[in-house]
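Written out below as structure tokens is the structure these notes cover.
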Amino acid sequence: MAEQDQLPEPARSESLSLPPVHATGSVRTEGFYRLAKRQAAPKSPKRGFAADAKRDQNQEPDDTADVLSSRRSDRADRRRFCAALPAASTVLQGNALASRKKSLQLFRSSIHAWGVRTTEPLLAGELVIEYIGEIISARVADIREKQYERSGIGSSYFFKVDDDMIIDATKQGNLARYINHSCMPNCKARVVTVGTTRRIAIYALRAIRPGEELSYDYKFADEPEEDKIPCWCGTKRCRGFLN
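At position 9 of the sequence shown the residue is numbered 9 (full-length UniProt numbering), and the sequence of numbers has no breaks.
Right, dumping it as structure tokens:
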């Protein structure tokens with residue numbers, strides 16, 4: 001075992017006061033009395049710290065700008081790192097989904113009804129938004145679809161995760177439900193597993209400019225001719241139908 005150096009004992013300050021000696025030998029049996037100012041506990045230094053911080057902020061504004069710029073750069077690096085992770089990295093994906101704060105906007109779309117556009121630039125591979133809704137079974141989805149039709153709801157927002165898991169965003173969704181289909185999309189929907197839960201995340205396929213409408217391929221199953229849903233994306237690769 002390595003020999004340890006003997007540390008010198010700290011010098012005792014003569015200004016430190018010892019507890020007062022009580023005549024009864026116990027502080028509990030003494031009556032109430034006030035401590036001298038020198039015996040009282042020092043006040044919290046928080047106010048002094050705040051004053052020092054304010055003074056430093058007034059003296060060195062350039063450092064604050066550098067720190068903010070560094071933080072923005074760090075956040076961008078973390079976003080790119082999380083987007084590049086494989087599907088098995090569930091913990092980081094869950095944190096990324098929970099903290100996503102991209103600036104998106106609902107607007108009247110030239111593709112169909114309402115659409116979603118970004119108000120800030122997006123990088124290829126960057127997480128855009130999670131598709132949020134109520135998780136239901138395929139059987140419940142069939143029942144609800146008929147109920148929505150009877151109640152006059154024109155559109156239902158179902159996202160099929162697997163054969164028996166549907167995300168219903170009709171009444172409990174977010175902006176992601178308004179992202180339109182395109183045969184040449186700029187985004188892609190991916191299933192990510194967070195813990196034991198499967199969730200839908202929308203990622204950018206390429207760099208997207210501010211003001212550009214977001215879209216992804218719905219990839220509906222092929223249907224008979226009488227059940228075809230027309231596609232209005234208007235791209236040069238438009239397949240004509242969503243299904």
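We treat Cβ as the ideally placed atom computed from N, Cα and C, and that holds for glycine.
Treat the numbers as computed from the prediction; the structure is a model and nothing was measured.
The secondary-structure analysis by DSSP pairs Val116 across a beta bridge with Leu106. The C-beta of Arg209 has fewer than 16 other C-beta atoms within 10 Å across all chains shown, which makes the residue exposed.
By alpha-carbon distance to Ser155, the top candidate from Asp163, Asp162, Lys146 and Val161 is Lys146. Contact between the segment 164-176 and the segment 138-153 is present: three or more C-beta pairs spanning the two stretches fall below 8 Å.
Between Glu130 and Ala189, the C-beta spacing is not below 8 Å.
As a beta-bridge residue in DSSP terms, Phe159 pairs with Ile167. Contact annotation, Leu214 with Ile179: C-beta distance approximately 5 Å; criterion of less than 8 Å satisfied. Counting along the chain, the unbroken alpha helix (DSSP H) around Ile143 starts and ends at Ala138 to Arg150. Each residue's CA atom was taken as its position, placing Asp227 and Phe241 some 10 Å apart. When the five nearest sequence neighbours on each side are left out, the beta carbons in the same chain lying within less than 6 Å of the beta carbon of Gln105 are those of Arg117 and Thr119, in order along the chain. Residue state for Tyr218 is assigned as coil, using DSSP reduced to three classes.
Under DSSP, Leu127 takes part in a beta bridge, and its partners are Tyr203.
In the displayed model, Glu223 falls within coil according to three-state DSSP, outside both helix and strand.
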